Amino acid sequence: GQQVMQIPQYQHVQEGEDFTTYCNSSTTLSNIQWYKQRPGGHPVFLIQLVKSGEVKKQKRLTFQFGEAKKNSSLHITATQTTDVGTYFCAGQTSGTYKYIFGTGTRLKVLA
Amino acid sequence: NAGVTQTPKFQVLKTGQSMTLQCAQDMNHEYMSWYRQDPGMGLRLIHYSVGAGITDQGEVPNGYNVSRSTTEDFPLRLLSAAPSQTSVYFCASSYSFSVGRNSPLHFGNGTRLTVT
Numbered sequence: 014g015q016q017v018m019q020i021p022q023y024q025h026v027q028e029g030e031d032f033t034t035y036c037n038s039s040t041t042l043s044n045i046q047w048y049k050q051r052p053g054g055h056p057v058f059l060i061q062l063v064k065s066g067e068v069k070k071q072k073r074l075t076f077q078f079g080e081a082k083k084n085s086s087l088h089i090t091a092t093q094t095t096d097v098g099t100y101f102c103a104g105q106t107s108g109t110y111k112y113i114f115g116t117g118t119r120l121k122v123l124a
Numbered sequence: 027n028a029g030v031t032q033t034p035k036f037q038v039l040k041t042g043q044s045m046t047l048q049c050a051q052d053m054n055h056e057y058m059s060w061y062r063q064d065p066g067m068g069l070r071l072i073h074y075s076v077g078a079g080i081t082d083q084g085e086v087p088n089g090y091n092v093s094r095s096t097t098e099d100f101p102l103r104l105l106s107a108a109p110s111q112t113s114v115y116f117c118a119s120s121y122s123f124s125v126g127r128n129s130p131l132h133f134g135n136g137t138r139l140t141v142t
């Protein structure tokens with residue numbers, strides 16, 4: 014079945030450093046969504062990418078969808094303590110009504 | 027507007043007991059789903075529904091039943107609880123779900139279940 018892996022599993026950065034998490038799917042995706050989960054909280058939607066090679070920005074966050082639509086990345090510039098949490102990608106395969114979540118990357122930001 | 031409401035927030039069960047986790051949404055969302063979250067394994071899809079009367083299996087359906095008799099409610103039933111079902115359970119809903127562009131998933135606050 015479809016599998017979605019994320020690396021790294023954990024990342025500790027100093028405040029002000031950049032951070033990137035990578036998402037890789039075993040199958041071609043029709044679209045991908047990204048979520049953030051604060052400690053003790055629930056996942057909250059960040060963005061959706063649909064087109065091959067698509068790049069979207071939200072302030073310090075940059076999201077990319079690979080040309081083959083099998084991978085994606087989230088890059089945070091100049092991390093802040095408010096960026097702490099776990100970031101998940103969630104991919105949908107064409108013809109299915111399922112979002113399969115990646116394993117998540119847990120980000121810690123040291124002040 | 028309450029969004030997605032899950033009850034209870036915490037539950038402890040003994041092995042073999044059954045129980046129902048409740049999920050209700052007041053946003054008129056067609057799509058509803060259940061995920062379980064375990065350390066290091068992300069969120070895994072248990073069951074989902076694309077509308078009232080329609081349900082289907084996700085990645086890890088064994089040991090769980092669902093039904094969708096109304097648009098608003100999507101309960102998850104554990105038939106005979108096992109320690110392997112100790113987890114945090116999230117219900118999520120979406121306004122529309124089709125191939126291609128979809129609405130975001132809105133998550134409830136979760137139910138923390140321990141099976142001893």
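Going line by line, the protein sequences match chains X and R.
Residue numbering for the first sequence follows my numbering, starting at 14 and increasing by one per position.
Residue numbering for the second sequence follows my numbering, starting at 27 and increasing by one per position.
Where is the CB? At the ideal position from N, CA and C, for every residue including glycine.
This one's a predicted model, so the numbers in the text were calculated from it and none came from an experiment.
{"Check": "Cα-Cα separation, F100 of chain R to E30 of chain X", "Outcome": "42 Å"}
{"Check": "7 Å Cβ shell around L62 of chain X - same chain, five flanking residues per side excluded", "Outcome": "N44, I45, K69, F76, F78, S85"}
{"Check": "Three-state class that DSSP yields for P109 of chain R in the structure shown", "Outcome": "helix"}
{"Check": "The segment 17 to 48 of chain X: positions lying closer than 9 Å to chain R by Cβ", "Outcome": "V17, Q19, Q22, S43, N44, Q46, Y48"}
{"Check": "Own chain residues within Cβ distance below 8 Å of T142 of chain R, not counting five before or after", "Outcome": "V38, L39, K40, T41, P109"}
{"Check": "Nearest to Y61 of chain R (by Cα), restricted to the options R:Q111, R:S129, R:Y121, R:F123", "Outcome": "R:Q111"}
{"Check": "Integer-rounded CB distance, given that F123 of chain R should sit under 8 Å from Y110 of chain X", "Outcome": "6 Å"}
{"Check": "DSSP state of T95 of chain X mapped onto helix, strand, coil", "Outcome": "helix"}
{"Check": "Members of the segment 77 to 105 of chain R that neighbour chain X once the beta carbon cut-off is set at 9 Å", "Outcome": "D82, G84, E85"}
{"Check": "Segments of 3+ residues assigned as beta strand (DSSP E) that fall wholly inside the segment 72 to 136 of chain R", "Outcome": "80 to 83, 90 to 92, 102 to 104, 113 to 120"}
{"Check": "Residue of X:F101, X:Q105, X:V122 minimising C-alpha distance to S39 of chain X", "Outcome": "X:Q105"}
{"Check": "Residue burial classification, Y112 of chain X (beta-carbon count within 10 angstroms, cutoff 16)", "Outcome": "buried"}
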